[in-house]
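Report on the structure given below.
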Amino acid sequence: MPLSKFIFRPGIMREGTDYDNEGGWFDGNLVRFKSGRAEKIGGWRKDSVNTFIGTCRELSSWVTLDGSKYLGLGTHKKYFIQDGDVYFDITPLRLTTGANEISFAATNQSNILTITDTAHGAVQGDFVTYSGCASLGGSGLISAAVLNQEYEIATVTSANVYTILAKDTSGNSVSANGNDTGNGQGTVVGKYQINIGLDNYVQSTGWGAGLWGGGTFGSATALSFVNQLRLWSADNFGEDLVSCARNGGIFYWDVSAKTLGTDRAVLLSGITGANQVPTVGLQVITSETDRHLIVLGADPLSGDTRTGVIDPMLIAFSDQENSLEFEAKTTNTAGSLRLSAGSTIVGSVKARQEILIWTDTALYSMQFIGSPFTFGLNLINNNTGLIAPNAAVTSPAGVYWMGYDSFYSYNGSVQKIPCSVLSYVFDNLNVSQSYKTVAFTNNKFNEVGWFYVSSDSTEIDKYVSYNYAEKSWSYGTLSRTAWLDSGTVNFPRATSSSYLYEHEFGYDDDGSPMTNVFIESSDFDIGDGEQFAFISKIIPDLRFVSNSSGGAVNMVLKTRDSPGDTLATNSTSVITSTTSESFVRARARQATVRIESDDDDVSSNTSTGWRLGATRLDVRPDGRR
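Residues in the sequence shown are numbered from 9 upward in steps of one, following our numbering.
Below you can see the structure in the form of structure tokens.
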């Protein structure tokens with residue numbers, strides 16, 4: 009019998025029908041394309057058994073002058089620096105009370121403690137650390153050790169009152185008894201961390217967004233810490249870390265002056281010597297070659313003082329080599345620029361000798377030009393926006409980003425990228441949570457991509473990937489809220505569910521086999537379906553990686569007689585490294601081939617990767633009926 013070789017085009021195609029895409033791939037999950045062939049993606053493992061608090065949406069890494077490697081993680085509740093496998097909390101403080109400003113009240117048989125602190129400014133979920141507390145009762149259970157620790161605020165009763173849930177130093181719940189009648193004594197000090205941000209995006213700007221009666225009639229409500237999705241940006245000024253809680257403060261952590269586990273980041277504007285430093289912003293970024301600190305969406309000046317209210321189109325930049333000097337003088341290079349196209353700055357990335365800045369409608373290039381203007385702005389495109397602050401990324405092949413309805417690249421000019429899965433992504437996008445979208449690079453495989461929230465979810469659950477060297481697309485199901493490519497770290501890092509993961513490590517899901525890994529072809533036929541085809545044998549061409557002796561996949565043959573029919577599974581063959589051929593019996597006008605390595609079906613795929621070659625089928629015409 010004649011054998012037919014089936015070599016499918018690289019990339020998944022979903023813009024047409026599966027029959028229209030004959031000779032290509034129509035569906036897949038956790039599969040990439042390399043040298044034109046489909047293969048299982050690399051696996052992942054937890055970087056540490058330790059967890060961090062909150063949903064991380066920002067990762068940054070750097071190396072200090074003494075060679076120490078640090079990793080910064082910004083979550084919607086805190087900011088951490090990872091050193092080794094420990095996450096050190098450097099979340100800035102917004103308020104430290106004086107002694108005798110805080111009092112506690114306990115209720116017998118309850119773990120709820122009521123705290124009174126006039127004008128505390130806290131919101132539910134905020135963190136506060138108490139010190140100087142005494143036991144609430146001589147033989148009570150609410151001891152000084154119970155009180156003198158960090159607490160997450162459970163409820164906010166009023167502007168002056170909130171509650172916490174008492175716990176021991178191991179985190180176990182503690183309930184008061186009848187002897188807990190004290191108030192903590194007059195030496196109590198509370199240190200409140202900055203207000204947490206939201207874990208879900210809420211559209212809350214514009215008229216009517218604030219509390220009833222707040223502001224003047226018809227005025228827009230200012231963005232605040234508590235009504236915005238918490239997105240951090242971070243960069244290095246020298247070896248020090250500069251971070252910005254979007255729509256919030258700008259903070260500084262001095263590597264040489266701070267101690268991990270003891271010191272927190274501080275407001276940049278509060279450091280001794282700071283002059284006209286923005287107090288709030290949308291994003292921070294450094295211009296590395298010329299050494300300027302740049303604040304996007306800075307608060308403007310009123311006289312010599314910053315207003316504390318974000319101007320979403322204002323760019324402020326420091327003096328060269330001085331992150332604390334923002335006053336424009338004839339003797340320095342500090343200053344400001346304001347964009348005109350759009351209504352708000354969305355995001356920015358560093359490119360070759362320029363910084364690209366997106367508003368909601370336009371793309372600008374910001375370049376250092378020297379005295380007297382310091383920076384120049386060039387409007388590159390007035391018809392392309394950025395779907396989310398973290399949806400752009402720089403790769404060796406240029407800058408890539410996700411717009412509101414397309415994908416784009418920039419390497420001297422803006423290009424819309426032809427996308428074979430465009431409708432699949434944008435027709436199934438949760439637009440209300442699109443601000444969570446995060447771009448990623450995986451330079452080892454010439455990939456850029458985006459993790460996004462599908463229409464069936466409120467949190468990131470999908471990804472789409474583009475191989476810019478081979479111009480092929482793939483997609484899949486995977487929840488990753490932040491990503492950092494290898495460089496200062498050996499493996500790409502990503503976050504999910506309060507864990508940090510190393511990617512491209514083996515072929516497992518954190519020690520367990522990956523599930524639902526598959527690639528499925530479009531329909532193929534004989535002579536455009538004029539005749540039935542009879543398939544009697546499959547000769548697989550597949551290479552196993554890592555666990556080559558124990559690897560196995562399922563090769564599934566599906567058939568139907570017309571494009572409108574439902575595909576029916578005709579046969580499932582288990583393919584191992586020793587499988588030379590598999591006999592089947594199928595008769596239909598159209599057929600598809602699916603390769604899958606789901607642990608539910610194949611128990612021996614632990615630690616195993618695979619790569620497809622040119623599968624052959626014994627197929628012949630079988631009449632016209």
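Ideal Cβ positions, reconstructed from N, Cα and C, are used throughout, including at glycine.
Exercise for the section: Report buried or exposed for residue 625, applying the criterion of at least 16 other Cβ atoms within 10 angstroms of its Cβ. Expected result: buried
Problem - Supposed close pair residue 388, residue 422 - CB separation, criterion 8 Å - result: 6 Å
Practice task
Report the option in 284, 300, 463, 474 whose CA atom is closest to the CA atom of residue 250.
Solution key: 300
Handout entry: Contact check, residue 258 vs residue 290, beta carbons under 8 Å
Key = no
Exercise for the section: Taking 8 Å as the cut-off, decide whether the C-beta atoms of residue 175 and residue 164 are in contact. Expected result: no
Problem - CB contact flag (residue 589, residue 546, <8 Å) - result: yes
Exercise for the section: Inspect the CB distances between the stretch 64–75 and the stretch 515–529 and report whether three or more fall short of 8 Å. Expected result: no
Practice task
Thinking residue 109 and residue 93 are a contact (beta carbons under 8 Å), I'd like their distance in whole angstroms, please.
Solution key: The pair is not a contact, with the Cβ atoms about 38 Å apart (cut-off 8 Å).
Exercise for the section: Reducing DSSP to helix, strand and coil, say where residue 431 ends up. Expected result: helix
Handout entry: residue 62 in three-state terms, based on DSSP
Key = coil
Handout entry: Alpha-carbon to alpha-carbon, residue 583 and residue 536
Key = 29 Å
Practice task
Give me the Cα-Cα distance between residue 360 and residue 418, rounded to the nearest whole angstrom.
Solution key: 11 Å
Practice task
Figure out for me which residue from 117, 187, 200 has the closest Cα to the Cα of residue 2.
Solution key: With the chain covering only 9 through 633, there is no way to say anything about residue 2.
Practice task
Give, in chain order, every unbroken run of the beta strand (DSSP E) that is at least 3 residues long and sits entirely within the stretch 539–586.
Solution key: 541–547, 550–554, 560–568, 576–584
Practice task
Would you list, in sequence order, the uninterrupted alpha helix (DSSP H) runs of no fewer than 4 residues that lie entirely inside the stretch 454–480?
Solution key: none
Problem - Pairwise C-alpha distance: residue 441 and residue 460 - result: 9 Å
Exercise for the section: In angstroms with no decimal places, state the Cα-to-Cα distance between residue 272 and residue 101. Expected result: 8 Å
Handout entry: Rounded C-alpha distance that separates residue 513 from residue 47
Key = 15 Å
Handout entry: Same chain only: Cβ atoms within 8 Å of residue 127, ignoring 5 sequence neighbours per side
Key = 167, 168
Exercise for the section: Would you mind giving the Cβ-Cβ distance between residue 578 and residue 567, rounded to the nearest angstrom? I have them listed as a contact below 8 Å. Expected result: 5 Å
Problem - Nearest to residue 148 (by Cα), restricted to the options 185, 171, 120 - result: 185
Exercise for the section: Take residue 331 as the anchor and find which of 261, 322, 434 has the nearest alpha-carbon. Expected result: 261
Practice task
Reducing DSSP to helix, strand and coil, say where residue 350 ends up.
Solution key: coil
Practice task
Note down, in chain order, each residue of its chain lying with its Cβ closer than 6 Å to the Cβ of residue 269, except the 5 sequence neighbours on either side.
Solution key: 96
Problem - Sub-8 Å separation of residue 339 and residue 77 beta-carbons - result: no
Problem - Coarse secondary structure for residue 536, derived from DSSP in three states - result: helix
Problem - Per-residue burial, residue 117 [other beta carbons within 10 Å of its own, 16 or more giving buried] - result: exposed
Problem - Nearest to residue 482 (by Cα), restricted to the options 36, 171, 142 - result: 36
Practice task
Please state whether DSSP places residue 345 in a helix, a strand or coil.
Solution key: strand
Practice task
Sort 329, 335, 321 by Cα distance to residue 346 and report the nearest one.
Solution key: 321
Handout entry: Alpha carbon of residue 415 to alpha carbon of residue 153, nearest angstrom
Key = 55 Å
Problem - Element boundaries [alpha helix (DSSP H), containing residue 154] - result: 152–155
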